[in-house]
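Visitor: Mind looking over this structure? Questions follow.
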Amino acid sequence: MMMERILNAKQLMILSYALIVFCSIFPLFFSFPFRINLFLAWEGAYRLYLGQVPFKDFGMPMGFGFWILPAIFFKLFGPTVYTLLKVQVLINFISLISFQSILRLLKIRPVVIFFSILVFCLSYTLINFWPWYNHTVFVFQLVGINFLVMFMLKERSRWHYFYLFLSAFFTVLAFFTKQDGGGLAIVFSLALLLYHLIKERKYLDIVWYGLMVASVVALFVLPFLNHGFLYWFNYGQFPHYSRVDLFDFLNELFGASPWIKFYMFFVVIGIFYQLKNWRAFWNDKPAFLMSLITLGVLVQALIIQVTSYTPINGNIYFHSFAFAFILSLNFSHIKLEKIYLFIIAGLVITFWWSGVFWNRFLGNMVRGMLPAKELPEDVISKNTFIVTDTVKMDRADWVVSDLKSFGKVKLPKETIAGIKRLEPFFMTSPQDVRVLNMSELTPLAYEFGYRLPSDQPLWFHKGVAIFQKEVDMFCHKINQKEYDIILFEIIPDLNNFYPQEVYDCIGKNYKMHDRFLAPRLNEDSYIEVYRVE
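To convert, take the position in the sequence shown, counting from 1, and add 265; that gives this note's numbering.
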């Protein structure tokens with residue numbers, strides 16, 4: 266029968282590559298709304314694009330690894346917000362190819378690889394249309410693990426230790442993208458390497474790896490030591506906060522994390538099942554490494570949700586690894602390669618993760634197609650039982666503007682109008698206009714052409730990215746009226762995202778010229794424009 270046909274390994278590999286390409290380029294077919302934190306992704310890349318030097322020209326509490334690819338893309342495609350979407354296409358492609366490569370090296374069945382990639386796409390790739398360091402750090406880690414597994418499983422050749430160097434490079438790059446995820450990536454790699462050197466009795470390999478890691482760390486640190494690196498880079502020292510709190514970890518472990526604990530149950534049971542024949546399991550490097558990697562990813566995800574608490578779904582990469590482990594161990598007897606089973610499994614997985622595309626695409630479309638249901642004011646329903654004073658936008662009325670820096674990106678109409686009202690201040694000599702932009706509209710530097718100061722932090726969240734020393738510096742400059750225009754964003758539900766002390770200093774020395782809606786979901790955030798009285 267036609268439906269009894271079986272997909273072979275080559276066909277499944279082609280389907281896997283097609284799925285990877287489709288999910289990677291999918292965002293390019295849409296216009297997406299401006300989202301929170303894009304201001305930071307854009308400005309860091311723009312400063313590198315201009316030739317500014319990290320820590321010397323702008324401070325930040327982390328490494329600059331996150332901004333390398335966006336800066337290169339700015340050189341290629343121009344420093345617009347939309348270019349960041351193109352960056353994420355490449356980042357997503359790299360993550361999917363690395364994930365596929367790891368599973369192939371670990372000898373996972375091609376059909377399981379396909380469905381694991383599908384889970385990766387639906388649960389992780391399709392929620393990351395814009396670049397963010399909490400995502401990029403894991404992508405660099407994936408690349409590092411991929412090269413490390415190559416080093417451990419491929420036959421020795423002249424490239425053998427080059428794989429180990431590439432693993433060290435991308436793992437350290439992950440650390441200088443985000444400390445928590447990158448630090449765990451280094452520990453993760455050491456655990457995998459420890460198994461390798463004990464089994465193969467090649468104890469010098471860990472020495473070589475240590476030297477390679479140290480050399481790459483020196484590359485990221487030594488050139489910046491004289492530029493305040495030890496002040497800015499957050500390794501838990503004053504005035505930084507390490508975010509490591511035992512109760513927070515215990516609270517997440519016992520009070521939440523149901524999916525991680527669910528997967529851990531199956532992974533631990535699977536490992537104990539294989540321990541029935543301990544020697545065979547130990548000598549089966551692909552199977553042993555798959556168990557270590559899956560368990561390590563779950564533990565990492567548990568820690569990351571505490572130390573990198575935003576976005577709340579930033580750690581859900583664990584689904585795809587756990588899914589691959591469970592499916593490869595417990596469903597090996599089921600011929601998922603049969604076309605009818607392949608289609609059914611694909612539909613079930615898509616239904617499992619239907620919330621991703623329903624919430625982003627289909628939900629509003631279906632709501633518009635269904636007849637509107639008008640309820641009397643006194644009816645209590647799912648949509649009316651909570652009373653709130655905060656009006657939330659659904660971005661349905663956001664539009665694409667003709668602003669070059671925000672081209673193809675949707676913004677609230679009120680925000681666009683506010684930006685247009687700023688244009689006259691930059692008509693003649695924009696580079697002579699001294700601007701302090703404490704708002705999420707950092708791309709205005711490219712839009713209007715004003716010069717970015719080279720003596721200030723990359724962003725302004727007090728206690729995270731700036732401290733009292735910088736607050737005092739800004740207040741001094743404001744008191745001296747060193748700025749011609751100041752943009753300050755009011756975000757009531759965030760703690761000192763833009764410091765209150767600086768806002769108070771502005772109010773004493775400058776006069777508010779304009780006020781307009783900020784590009785955020787809550788309609789209670791505003792950008793205020795100040796000029797010298």
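Note that CB positions come from ideal geometry on N, CA and C, so glycine has one too. Computed from a prediction, not measured in an experiment: that's the story for all the values here.
Could you check whether F762 and V346 sit closer than 8 angstroms to each other, using their CB atoms as the reference points?
Guide: Translated into the one-based positions of the sequence shown, residue 346 becomes position 81. Translated into the one-based positions of the sequence shown, residue 762 becomes position 497. In this structure, F762 does not lie closer than 8 angstroms to V346 by Cβ.
Visitor: Can you tell me which of the three DSSP states V729 falls into?
Guide: Indexing the sequence shown from 1 puts residue 729 at position 464. Coil at V729, not helix or strand.
Visitor: Please identify the residue among L387, G330 and L315 whose C-alpha is closest to the C-alpha of W623.
Guide: The residue given as residue 623 occupies position 358 in the sequence shown. When each option's Cα is compared against that of W623, the closest is L387.
Visitor: Can you tell me whether G535 is buried or exposed? The criterion is at least 16 other CB atoms within 10 Å of its CB, across all chains shown.
Guide: To locate residue 535, count along the sequence shown from 1; it is residue 270. Per the 10 Å Cβ criterion, buried.
Visitor: Just curious, the beta strand (DSSP E) that K776 is in, first and last residue?
Guide: Taking the first residue of the sequence shown as 1, we reach residue 776 at position 511. Looking at the DSSP string, the run of the beta strand (DSSP E) that includes K776 is Y775 to L782.
Visitor: Identify whether Q721 lies in helix, strand or coil by the three-state DSSP scheme.
Guide: Numbered from its first residue, the sequence shown carries residue 721 at position 456. Three-state result, Q721: strand.
Visitor: Taking contact to mean 3 or more Cβ pairs, one atom from each stretch, closer than 8 angstroms, check whether the region 437 to 456 and the region 478 to 487 are in contact.
Guide: In short, these stretches touch, since the Cβ pair count reaches three.
Visitor: Should V656 be labelled buried (16 or more other beta-carbon atoms within 10 Å of its own) or exposed?
Guide: Residue 656 sits at position 391 when you count from the first residue of the sequence shown. Because V656 sits at a pLDDT of 49, beneath the cut-off of 50, its placement in the model cannot be relied upon, and the following sentence gives the value as read from the coordinates. By the 10 Å Cβ count, V656 comes out exposed.
Visitor: For L431 and V408, I'd like the C-alpha separation in whole angstroms.
Guide: Taking the sequence shown and counting its residues from 1, one reaches residue 431 at position 166. Taking the sequence shown and counting its residues from 1, one reaches residue 408 at position 143. Using only the alpha carbons, I get a separation of about 9 angstroms.
Visitor: With I599 as the anchor, note down where its beta strand (DSSP E) starts and where it stops.
Guide: Here the question's residue 599 lines up with position 334 in the sequence shown. I599 -> no beta strand (DSSP E), and no H or E assigned at all.
Visitor: The alpha helix (DSSP H) with L554 in it runs from where to where?
Guide: For the purposes of this step, residue 554 is identified with residue 289 of the sequence shown, where counting begins at 1. L554 -> alpha helix (DSSP H) spans K550 to T572.
Visitor: Pull up the CB-CB distance for A589 and V377, whole angstroms please, since I reckon it's below 8 angstroms.
Guide: By one-based count along the sequence shown, residue 589 stands at place 324. By one-based count along the sequence shown, residue 377 stands at place 112. A589 to V377, Cβ: 6 angstroms. Contact.
Visitor: Would you mind reading off the limits of the beta strand (DSSP E) that contains M278?
Guide: Position 13 of the sequence shown, counted from the first residue, corresponds to residue 278. Note, M278: premise wrong, no beta strand (DSSP E); alpha helix (DSSP H) at A274 to I290.
Visitor: Assign N580 to buried or exposed, taking buried as 16 or more other Cβ atoms, counted over all protein chains shown, within 10 Å of its Cβ.
Guide: Indexing the sequence shown from 1 puts residue 580 at position 315. It counts as buried.
Visitor: One question on the structure: do L723 and E420 come within less than 8 angstroms of each other, judged by their Cβ atoms?
Guide: Here the question's residue 723 lines up with position 458 in the sequence shown. Here the question's residue 420 lines up with position 155 in the sequence shown. For L723 and E420, no; Cβs fall outside 8 angstroms.
Visitor: With distances taken between CB atoms, is the gap from Y715 to P344 smaller than 8 angstroms?
Guide: The residue given as residue 715 occupies position 450 in the sequence shown. The residue given as residue 344 occupies position 79 in the sequence shown. No, the pair does not count as a contact, with Cβ atoms beyond the cut-off.
Visitor: Would the region 676 to 688 and the region 771 to 788 be scored as touching if the rule is three or more Cβ pairs under 8 angstroms?
Guide: A contact exists between the region 676 to 688 and the region 771 to 788.
Visitor: Evaluate contact between the region 366 to 383 and the region 270 to 290, counting only Cβ atoms and requiring at least three cross-stretch pairs below 8 angstroms.
Guide: Contact holds: three or more Cβ-Cβ distances are below 8 angstroms.
Visitor: Taking the alpha-carbon positions, what's the F405 to T442 distance?
Guide: What you label residue 405 is simply residue 140 of the sequence shown in a count that begins at 1. What you label residue 442 is simply residue 177 of the sequence shown in a count that begins at 1. In a straight line, the C-alpha of F405 is about 9 angstroms away from that of T442.
Visitor: Does the beta-carbon distance from I285 to F339 come in below 8 angstroms?
Guide: Residue 285 sits at position 20 when you count from the first residue of the sequence shown. Residue 339 sits at position 74 when you count from the first residue of the sequence shown. Not a contact, by the Cβ cut-off of 8 angstroms.
Visitor: CB-CB under 7 angstroms to Q565, same chain, minus the five flanking residues each way: which ones, in chain order?
Guide: Working through the sequence shown from its first residue, we reach residue 565 at position 300. Answer for Q565: L449 and F453, listed in chain order.
Visitor: Taking Cβ to Cβ, would you say L413 is nearer than 8 angstroms to L457?
Guide: Reading the sequence shown from its first residue, position 148 is the one you call residue 413. Reading the sequence shown from its first residue, position 192 is the one you call residue 457. Closer than 8 angstroms, so yes.
Visitor: Using DSSP with H/G/I as helix, E/B as strand and the rest coil, what is E712?
Guide: The residue given as residue 712 occupies position 447 in the sequence shown. Residue state, collapsed to three classes: helix.
Visitor: How is E798 classed by DSSP in three states: helix, strand or coil?
Guide: Sequence index remark: in the sequence shown, residue 798 carries index 533 (1-based). In the structure shown, E798 sits in coil (DSSP, three-state: anything other than H, G, I, E or B).
Visitor: When DSSP builds the beta bridges, which residues end up paired with I750?
Guide: The residue labelled residue 750 in the question sits at position 485 within the sequence shown. Bridge partners of I750: V700 and R796.
Visitor: Nearest CA to the CA of L709: which residue from G501, I463 and K669?
Guide: For the purposes of this step, residue 709 is taken as residue 444 along the sequence shown, with counting starting at 1. Comparing Cα positions, the closest option is K669.
Visitor: Would you mind reading off the limits of the alpha helix (DSSP H) that contains P335?
Guide: Taking the first residue of the sequence shown as position 1, residue 335 is located at position 70. Run containing P335: I333 to F342, per the alpha helix (DSSP H) assignment.
Visitor: Taking 8 angstroms as the threshold (beta carbon to beta carbon), is K727 in contact with chain C?
Guide: Protein chain content of the structure displayed is limited to a single chain, and chain C is not contained in it.
Visitor: Name the residue from I356, S381 and L355 whose alpha carbon lies nearest to the alpha carbon of I367.
Guide: Start at 1 with the first residue of the sequence shown, and residue 367 comes out as number 102. Residue S381 is the option with its Cα nearest to I367.
Visitor: Ignore the nearest five residues each way along the sequence and tell me which others in Y748's own chain have a CB closer than 6 angstroms to its CB.
Guide: Counting from one through the sequence shown, the residue named residue 748 turns up at place 483. Correct list, in chain order: R699 and L701.
Visitor: How about V354 and S289: do their beta carbons lie closer than 8 angstroms?
Guide: For this step, residue 354 is matched to residue 89 along the sequence shown. For this step, residue 289 is matched to residue 24 along the sequence shown. Cβ distance < 8 angstroms, so V354 and S289 count as in contact.
Visitor: Could you give the C-beta distance for L418 and W473, rounded to a whole number, given that I count them as a contact under 8 angstroms?
Guide: Here the question's residue 418 lines up with position 153 in the sequence shown. Here the question's residue 473 lines up with position 208 in the sequence shown. That pair is no contact at about 17 angstroms.
Visitor: I'd like to know if the region 547 to 566 and the region 624 to 632 are in contact, where contact means that at least 3 CB-CB pairs between them fall below 8 angstroms.
Guide: The answer is no - the region 624 to 632 does not touch the region 547 to 566, with fewer than three Cβ pairs under 8 angstroms.
Visitor: Just the Cα atoms here: how many angstroms apart are L487 and G493?
Guide: Residue numbering aside, residue 487 sits at position 222 when the sequence shown is read from its first letter. Residue numbering aside, residue 493 sits at position 228 when the sequence shown is read from its first letter. Each residue's Cα considered, the two are about 11 angstroms apart.
Visitor: Quick one: what's got a C-beta closer than 8 angstroms to Y791's C-beta in the same chain, skipping five residues either side?
Guide: Counting from 1 along the sequence shown, the entry for residue 791 is found at position 526. For Y791, where only same-chain residues beyond five positions count, the Cβ hits under 8 angstroms are E754, I755, R780, F781, L782 and A783.
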